[in-house]
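Protein chains in written order, with this note's numbering: chain A, 618 to 726; chain B, 57 to 210. Some notes on the structure that comes next.
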Amino acid sequence: MATKPTPRVRVPTQAKPGELIEIKTLISHEMESGQRKDASGKVVPRKIINKFTAAFNGKTVFEADWNPAISANPYQSFFYKAAESGEFTFTWKDDDGSDYVATNKLTVA
Amino acid sequence: MVLKSVEKTRRETLAMAAIAGLAAILAPRLSLADEQAVAVEIKKLYGDKKFESGKIKLDVPEIAENGLVVPVNVDIESPMTDADYVKSVHVFAEGNPLPAVVSYRFTPACGKASASTRMRLAETQNIVCIAEMSNGKLHMAKANVKVTIGGCGG
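Written as structure tokens, this is what we have:
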């Protein structure tokens, strides 16, 4: 891999109680599908991010299992209903065992 | 003599071209999943349970110019309370080498069972979305996407 995957997350920093907020995430990753062949005809081994998890104050709120059909530099958006102040933890799990983590604070008032 | 040999090569060329064309049409089909493969995947998850229509809004473009990046949005109608929410959603592609695209697990904390991502599609095909509710009910929706340039890197 050329560069280390960099996660980018767009989430509001403030919300009213009960407000529905949209969270948009993007991570740079080639998502090698394991279906492609290189110039010599050998199959390029699969290497994708297979799981994305979003947790708020340590409690999982949303999970996505990604398959090789997910595009390179995977994008994922979902919703969260603001209830209390705290911190989001977003985790991307790579096929090679590494985890990429991003955290974002949310203030509910 | 000369004319005859020309005639022969032309016929041979034509035949060769026809075979090559046929192979080109058939070959990629053999390696791709189909409706059956998606049905097998769904059966693995939910057995022979019945699916209802409705509740799912599966938003995919009618025509995708680039099969490498096709936006897919699912939006399931649900109050998302602790008693009644969407547990999981699976998206399958009938014409991809591997039918599974993405599986989501929602919680009532989401407030809304909606998620968007981007997928690769090998060819023009149907997208199947199934949703499992907290009360065990299953819903299914299908949508067709016309793909101009396939996204299998081949």
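Glycine included, every Cβ here is placed at the ideal spot set by N, Cα and C.
query: Start-to-end residues for the beta strand (DSSP E) that takes in LEU723 of chain A; result: 716-725
query: 7 Å CB neighbourhood of THR173 of chain B in its chain, flanking five on each side removed; result: VAL128 and VAL158
query: Which listed residue (B:VAL125, B:VAL184, B:GLY123 and B:LEU114) has its alpha carbon closest to that of GLU133 of chain B; result: B:LEU114
query: Contact list for PRO117 of chain B against chain A, beta-carbon separation under 8 Å; result: The contacting residues do not exist; PRO117 of chain B stays about 13 Å from chain A at best.
query: Limits of the unbroken alpha helix (DSSP H) element including VAL628 of chain A; result: Counting along the chain, VAL628 of chain A falls outside any alpha helix (DSSP H), and DSSP gives it neither H nor E.
query: Nearest to ILE666 of chain A (by Cα), restricted to the options A:ASP655, A:LYS676 and A:SER645; result: A:SER645
query: Cβ contact check for the segment 696-707 of chain A and the segment 181-194 of chain B: 3 or more pairs under 8 Å; result: no
query: Cross-strand partners of GLU639 of chain A (DSSP beta bridge); result: A:PHE696
query: Backbone CA spacing between ALA93 of chain B and THR724 of chain A [nearest angstrom]; result: 46 Å
query: Selection from B:CYS185, B:ILE205 and B:LEU194 that minimises the alpha carbon distance to VAL116 of chain B; result: B:CYS185
query: Nearest-angstrom Cα separation, counted from TYR717 of chain A out to GLN631 of chain A; result: 24 Å
query: LYS668 of chain A vs LYS641 of chain A beta-carbon contact at 7 Å; result: no
query: Rounded straight-line distance, which links the Cα of LEU101 of chain B to that of GLN652 of chain A; result: 24 Å
query: Beta-carbon proximity check, LEU643 of chain A vs ARG625 of chain A, cutoff 7 Å; result: yes
query: Status (buried if at least 16 other CB within 10 Å, exposed otherwise) for ILE119 of chain B; result: exposed
query: Where TYR102 of chain B sits in the DSSP three-state scheme; result: helix
query: CB contact flag (TYR697 of chain A, ILE638 of chain A, <7 Å); result: yes
query: Rounded C-alpha distance that separates ALA139 of chain B from ILE205 of chain B; result: 44 Å
query: Top-ranked residue by Cα proximity to GLU680 of chain A, from B:GLU97, B:ALA197, B:VAL142 and B:GLY123; result: B:VAL142
query: SER688 of chain A: contacting residues in chain B (beta-carbon distance under 7 Å); result: LEU124, VAL125, ARG174, MET175 and ARG176
query: Secondary structure of ALA165 of chain B, DSSP reduced to three states; result: helix
query: Proximal residues of chain B, C-beta to C-beta of VAL678 of chain A below 7 Å; result: THR163, ALA165 and CYS166
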